[in-house]
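Notes follow once the structure below has been shown.
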Amino acid sequence: MKPMVLRVRLLIASAISILVALALAGLGISALFATHIEKDISIGLRDEMNRLVALVEASDSKISLSQPMPDPRYLQPYGELYWQINDPQTGPVLWSRSVWDTTMELGTPDLTLGSVVETTLIDPEGTPALARIQRLEFETGTGTRVLDLVVAEDRAALDIAIAKFRQDLMIGLATLGAMLVLASWIQVTIGLSPLAAIQHGVGEINSGANKRLQGRFPAEVMPLVNEVNALLASQETSIDFARARAADLAHGLKTSLTVLNLQAQQLRKEDKSAIADTIENLSHSMVETIDHQLALARLRHRSRSSHYVVAVSPVMERVVAAVRATPAGRTLAWQVKVDSDLKVDLDPADLLELLGVLLDNAAKWASGKVSISATAAGSTASISVDDDGPGVSDADLHTMIERGRRLDELTAGSGLGLAIADEIVTLNAGSLSFSRSPLGGLRASLTLPRSARVSTAGGTDSTTI
0 MKPMVLRVRL LIASAISILV ALALAGLGIS ALFATHIEKD ISIGLRDEMN RLVALVEASD
60 SKISLSQPMP DPRYLQPYGE LYWQINDPQT GPVLWSRSVW DTTMELGTPD LTLGSVVETT
120 LIDPEGTPAL ARIQRLEFET GTGTRVLDLV VAEDRAALDI AIAKFRQDLM IGLATLGAML
180 VLASWIQVTI GLSPLAAIQH GVGEINSGAN KRLQGRFPAE VMPLVNEVNA LLASQETSID
240 FARARAADLA HGLKTSLTVL NLQAQQLRKE DKSAIADTIE NLSHSMVETI DHQLALARLR
300 HRSRSSHYVV AVSPVMERVV AAVRATPAGR TLAWQVKVDS DLKVDLDPAD LLELLGVLLD
360 NAAKWASGKV SISATAAGST ASISVDDDGP GVSDADLHTM IERGRRLDEL TAGSGLGLAI
420 ADEIVTLNAG SLSFSRSPLG GLRASLTLPR SARVSTAGGT DSTTI
């Protein structure tokens with residue numbers, strides 16, 4: 000699975016945090032608003048209750064108000080504001096005109112003399128209402144009378160106000176959330192800009208423009224910059240050390256082989272030519288192997304900052320000319336088709352050796368013709384080498400590049416050529432495969448990375464030799 004981009008990860012975390020924070024804030028603010036409104040209504044009902052108590056006139060046979068309640072809503076049927084007086088023994092005895100032709104059921108509130116209960120009951124319209132109930136004792140002409148006084152206000156207006164407030168709150172919070180996400184994006188962009196600068200610097204190192212990360216970076220990322228630069232310096236030191244050790248080893252071995260060749264010459268003077276030839280052949284083979292390994296040592300330690308722009312056409316012409324001059328190549332017809340502007344990201348010496356191995360192998364096995372083509376294929380270069388020789392079996396196609404593997408022990412060679420060619424290709428992010436050729440023999444298919452600095456215009460050089 001592709002790893003998530005750090006910027007996206009931070010933005011998602013920020014958006015989730017903002018969403019959770021705003022949701023909790025919205026719930027809290029909405030609850031506070033509802034509590035505040037209910038508290039205001041409760042205070043209003045308390046004031047209405049005080050007015051009602053002051054206006055009640057009680058007698059043994061009749062309950063009345065000395066004057067109407069001042070709020071006009073009490074006079075409107077279902078006017079959303081109600082009062083009612085109950086006798087605990089007999090039930091409602093007097094109520095406001097707003098109650099109209101029904102009464103409010105109080106249920107069984109836990110009332111004692113002088114106590115006050117705030118509750119929710121069903122008003123005459125059948126909707127919930129906030130109510131204040133108080134049990135009081137009133138003087139009559141012959142004694143006292145206990146009454147339950149009720150004032151209530153419909154919750155509809157309260158619920159509408161709360162719903163409207165929540166709607167406006169959601170719009171406000173959504174707008175605030177969008178602004179906070181935008182601010183987070185700006186913050187993340189600014190915060191990650193040093194990493195973008197490091198990425199750009201690494202790209203310059205890979206392209207060969209710089210050998211170190213350069214520029215001014217925040218103190219928080221300087222340890223990373225210093226570690227990368229130290230790693231690059233250590234890599235260069237290791238490469239130089241390895242090359243020096245390889246050169247010293249090659250020099251020591253070649254010196255010994257020179258002495259061995261002198262001994263072979265001495266044996267030839269003593270009429271021991273067979274032994275001398277064997278020693279010289281082995282010495283020559285060892286020198287070739289040493290040269291190959293020196294080239295591969297340079298390749299294995301190739302720095303990531305090393306990039307090349309090597310034209311394939313002139314290198315191909317040089318290799319074809321060299322192989323054509325060999326005994327095996329003189330009698331062959333060579334057909335070469337190479338894009339004139341094709342350039343690859345490969346050390347010139349490695350490309351020369353690689354093409355030399357493939358063309359030399361084709362020349363050894365071809366009966367009369369070798370065909371070579373090199374074309375651009377997107378970001379890669381595709382090179383194929385065909386011969387009209389006997390070819391190989393399907394089973395041997397997969398074992399040709401094994402080190403020391405030889406399909407014909409009668410031909411000259413150490414069996415290392417194709418294995419080394421495959422190693423060069425692999426270490427340069429390419430590929431090498433073999434298949435049957437349309438000419439009847441073997442096809443070697445080579446894929447190499449193209450140079451990042453290539454032109455788009457060009458043609459194809461086609462020659463038949």
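For the sequence shown, numbering that gives the first Met the number 0 gives the first residue as 0, with consecutive numbering after it. Ideal Cβ positions, reconstructed from N, Cα and C, are used throughout, including at glycine. Quick caveat: nothing in here was measured; it's all calculated off a predicted structure.
If you draw a straight line from the Cα of Pro123 to the Cα of Val98, it is about 6 Å long. If you check the CB distance, Leu51 and Gln66 do not come in under 9 Å.
Non-local C-beta neighbours of Ser58 in its own chain, meaning closer than 7 Å and more than five positions away in sequence, comprise Thr139 and Gly140, ordered along the chain. In the three-state reduction of the DSSP assignment, Trp364 falls in the helix class, which pools H, G and I. Per the C-alpha coordinates, the member of Glu152, Gly200, Ala195 and Gly355 positioned closest to Ile42 is Glu152.
For secondary structure counted as the alpha helix (DSSP H) over 4 or more consecutive residues, the region 29-109 holds no complete run. The residue among Glu79, Ala310, Asp359 and Leu93 with its C-alpha nearest the C-alpha of Val337 is Ala310.
Listed in chain order, the alpha helix (DSSP H) runs fully inside the region 321-397 are 326-329, 347-364 and 393-396, counting runs of at least 4 residues. Assigned with DSSP and collapsed to three states, Leu212 falls in coil, not helix or strand. Sequence-distant partners of Gly214 (beyond 5 residues in either direction) whose C-beta falls short of 7 Å from its own C-beta, in its chain, are Ala196 and Gly200. Just so you know, the alpha carbons of Leu93 and Lys38 end up roughly 27 Å apart.
In this model, Glu279 and Asn260 are separated by some 6 Å (Cα to Cα). The Cβ atoms of Leu441 and Trp364 sit closer than 9 Å to each other. With contact defined as three or more Cβ pairs closer than 8 Å, the region 368-380 and the region 329-345 are in contact. Judged by DSSP secondary structure, Glu136 falls within the beta strand (DSSP E) whose first and last residues are Pro127 to Glu138. The C-beta separation of Ala249 from Ala263 comes to about 20 Å, leaving the pair out of contact by the 8 Å criterion.
Between the alpha carbons of Leu31 and Glu47 lies a distance of about 24 Å.
Thr330 has its alpha-carbon roughly 25 Å from the corresponding atom of Ala420. Pro448 sits in a strand when the DSSP states are folded into three classes. Taking C-beta separations shorter than 6 Å and ignoring five residues to either side along the sequence, the partners of Gly78 in its chain run Arg72 and Ser97, following chain order.
Inter-residue distance for Ile204 and Asp385 is about 38 Å (C-alpha atoms, whole angstroms).
Straight-line measurement puts the Cα of Arg8 at about 21 Å from the Cα of Leu175.
For the pair Leu157 and Ala33, the Cα-to-Cα distance works out to about 8 Å. A distance below 9 Å separates the beta carbons of Ala155 and Thr126. Around the Cβ of Val19, a 10 Å sphere holds fewer than 16 other Cβ atoms; the residue is exposed. Excluding the 5 residues flanking it on each side, Glu56 has same chain C-beta neighbours closer than 6 Å at Ser63 and Ser65, in chain order. Under the three-state reduction of DSSP output, Thr236 falls in the helix class. Judged by DSSP in its simplified three-state form, Ser430 adopts strand. By DSSP's assignment, Ala310 forms a beta bridge with Lys342. Considering only His306, Ala348 and Ile28, the residue with the shortest C-alpha distance to Gln166 is Ile28. Looking at the backbone, the Cα of Pro313 and that of Ser272 are separated by about 42 Å. One alpha carbon belongs to Val258, the other to Pro347, and they sit about 33 Å apart. For Arg144, the three-state secondary structure derived from DSSP is strand. The beta carbons of Gly390 and Ser366 sit about 11 Å from each other, so the pair does not count as a contact at 8 Å.
Residue pairing for Asp153: DSSP places it in a beta bridge opposite Ala128. Distance from Leu350 to Ile289 at the Cβ level is roughly 21 Å; contact not present, criterion being Cβ atoms closer than 8 Å.
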